[in-house]
Amino acid sequence: MREMRVLRLIVHARTREPVLLLGEVDGDRCLPVFLRRPQAEVIAIGPRKDQDQPLTQDLIGPIVAGLGRRLEGVEITELRDGRFSAVLVFDQGIRIAALPSDALAVAVREQLPIGVAEEILDEVGQPIDELFPAGGAAPPDQQLREFREFIEDVSPEDFRDA
């Protein structure tokens with residue numbers, strides 16, 4: 001499992017679907033993940049703050065704590081037929097399947113670690129330098145422009161098995 005970080009949240013030009021770009025914490029690959037719109041809106045809001053109105057995704061933390069458990073992270077575990085599978089990872093090795101959009105929304109709101117299976121990155125991961133030729137030091141608007149040029153040619157079908 002490779003630890004990931006959120007790089008960008010954008011809208012795919014052709015499909016108008018939200019896409020979350022995850023990048024390796026200790027590596028040079030990234031992974032675009034198409035999201036459902038409601039979860040993308042939650043991700044766009046960012047990490048939960050004490051003064052925020054609670055969102056649906058914010059309920060999971062208090063419920064889990066109330067049951068004496070701890071949510072430790074989320075993982076994208078598989079890519080099959082162009083669809084990702086994800087799990088919520090709890091203490092004591094408990095893993096519960098979740099939609100990737102939901103898992104990522106919870107991870108962002110709760111500032112939890114995000115993991116992606118190495119096999120997924122080997123199969124569909126993209127070198128960050130190809131998406132952002134000027135690198136991470138380029139101004140955000142230039143990075144976004146470069147990524148949009150890449151993402152215009154990508155669709156969910158590109159992740160389907162041949």
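Under the numbering used here, the final residue of the sequence shown carries the number 162; numbering is consecutive throughout.
Just so you know, even glycine gets a beta-carbon here, dropped at the ideal spot from N, CA and C.
For clarity, every value in this text was computed on a predicted model and none was experimentally measured.
- Within the DSSP secondary-structure output, E119 pairs in no beta bridge.
- Between V33 and the set P100, E119, E123, R69, the nearest pair of CA atoms involves P100.
- Take the alpha-carbon of E41 and the one of Q92: they are about 31 Å apart.
- The alpha-carbon separation between D102 and A86 amounts to approximately 9 Å.
- Nearest Cα to P18 within the set L55, L88, A44: A44.
- The C-beta of T56 has fewer than 16 other C-beta atoms within 10 Å across all chains shown, which makes the residue exposed.
- Residue nearest to A107 within the set G66, Q51, D58, L79 is D58 (criterion: CA-CA distance).
- According to DSSP, I114 shares a beta bridge with M4, V74.
- Taking 7 Å as the cut-off, the Cβ atoms of L121 and R29 count as close.
- I96 and L31 have their C-alpha atoms spaced approximately 22 Å apart.
- The three-state reading of DSSP puts G66 in helix, counting H, G and I together.
- Judged by DSSP secondary structure, P47 falls outside any beta strand (DSSP E); it is assigned neither H nor E.
- Leaving aside the five residues that flank L9 on each side, the residues in its chain whose CB is nearer than 7 Å to its CB run, in chain order, P18, L20, A40, I43, A44.
- When the five nearest sequence neighbours on each side are left out, the beta carbons in the same chain lying within less than 7 Å of the beta carbon of R2 are those of E24, G27, G115, V116, E118, L121, in order along the chain.
- The straight-line gap separating the alpha-carbon atoms of G61 and R70 is approximately 8 Å.
- In the three-state reduction of the DSSP assignment, Q126 falls in the strand class, which pools E and B.
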